[in-house]
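Student: Add 3 to a position in the sequence shown, counting from 1, and you land on the number used in our numbering.
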Amino acid sequence: LKKAILPTSLIAAGLVTMTVPKQTVLSKYRIHDTMHGWNPTFHTSADNYLQFAPAVVTLGLGAMGVKGRNDFLNQSLLFTKAELLMSVVVYGIKHATRVERPYGGVFTSFPSGHTAQAFLSATFLAKEYGHISPWISVAGYATATGVGVLRMMNNKHWISDVLAGAGVGILSVEFVYLTHQHRWGKKRNLVFAPTLYQKGGGVSMAMTF
């Protein structure tokens, strides 16, 4: 439950920026006007690629045999399940809420799919290789945060979309790691050993998973 505090707080914060009056400091409209006002003509496509960067690094390290929390097969399975879960949640909410994007005319703003993907990727990297160095996790989440900022500066999303997307991305990974009980491809060892008792003997059996 502790691991759900941060992502649920991000989603809650996103909802707050959607519901407060437009003129207040925390309003998504005020924040958008401030950020987009810095450079109204700003545009980059970097966020389209950066959203996948931490996941590419994770799977690349796994494929090269760098020891992570799981082997490459299970890393791939975990990533696939997280992607499926995140996609269902994000596009389900988009379809249900139909929030208009900042540039108008398109009603698929909430939550941000790019940001959800970026934070899913960052959390995946942290789960697998964050134990090697905390800077690995920092780099992943810094990249994900950058994606969220770029989505707002590109006039594609409100801050509410970005905050909620980040929460969904993190929660998706946490959920699949919590529920991934069977480690595919892991060898099972069956061991038989003689056992002595006071009135005789026998054979014990143990299996490791």
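Where a beta carbon is used, it is the ideal one built from N, C-alpha and C, also for glycine. All figures in this text were calculated on a predicted structure; none of them were measured in a lab.
Could you round the C-beta distance between Val150 and Gln54 to whole angstroms and report it? I think they count as a contact, below 8 Å.
Tutor: Taking the first residue of the sequence shown as 1, we reach residue 150 at position 147. Taking the first residue of the sequence shown as 1, we reach residue 54 at position 51. Indeed they touch by this definition, with Cβ atoms about 5 Å apart.
Student: Mind the definition here: the region 116-135 touches the region 56-75 only if three or more C-beta pairs lie below 8 Å; say whether that holds.
Tutor: These segments touch.
Student: How would you call Gly65, buried or exposed, if buried means at least 16 neighbouring beta carbons within 10 angstroms?
Tutor: Position 62 of the sequence shown, counted from the start, is the residue given in the question as residue 65. Buried is the call here.
Student: Distance check for Lys130 and Ser115, CA to CA, integer angstroms please.
Tutor: Indexing the sequence shown from 1 puts residue 115 at position 112. Indexing the sequence shown from 1 puts residue 130 at position 127. Those two C-alpha atoms are separated by around 22 Å.
Student: Could you give the uninterrupted runs of the alpha helix (DSSP H) lying entirely in the region 49-98, keeping only those of 4 residues or more?
Tutor: Here the runs fully enclosed are 50-53, 56-66.
Student: Should Ala169 and Phe127 be called a contact, given that it needs their Cβ atoms to be closer than 8 Å?
Tutor: Position 166 of the sequence shown, counted from the start, is the residue given in the question as residue 169. Position 124 of the sequence shown, counted from the start, is the residue given in the question as residue 127. Contact flag unset, no.
Student: For Trp161, which of helix, strand or coil comes out of DSSP?
Tutor: Here residue 161 corresponds to residue number 158 of the sequence shown, with the count starting at 1. In the structure shown, Trp161 sits in coil (DSSP, three-state: anything other than H, G, I, E or B).
Student: Following the continuous alpha helix (DSSP H) through Thr11, name the residue where it begins and the one where it ends.
Tutor: The sequence position of residue 11 within the sequence shown is 8, counting from 1. Looking at the DSSP string, the run of the alpha helix (DSSP H) that includes Thr11 is 8-22.
Student: Is Met3 buried or exposed, if buried means 16 or more other CB atoms sit within 10 Å of its CB?
Tutor: Here the chain has residues from 4 to 212 only, and residue 3 is not among them.
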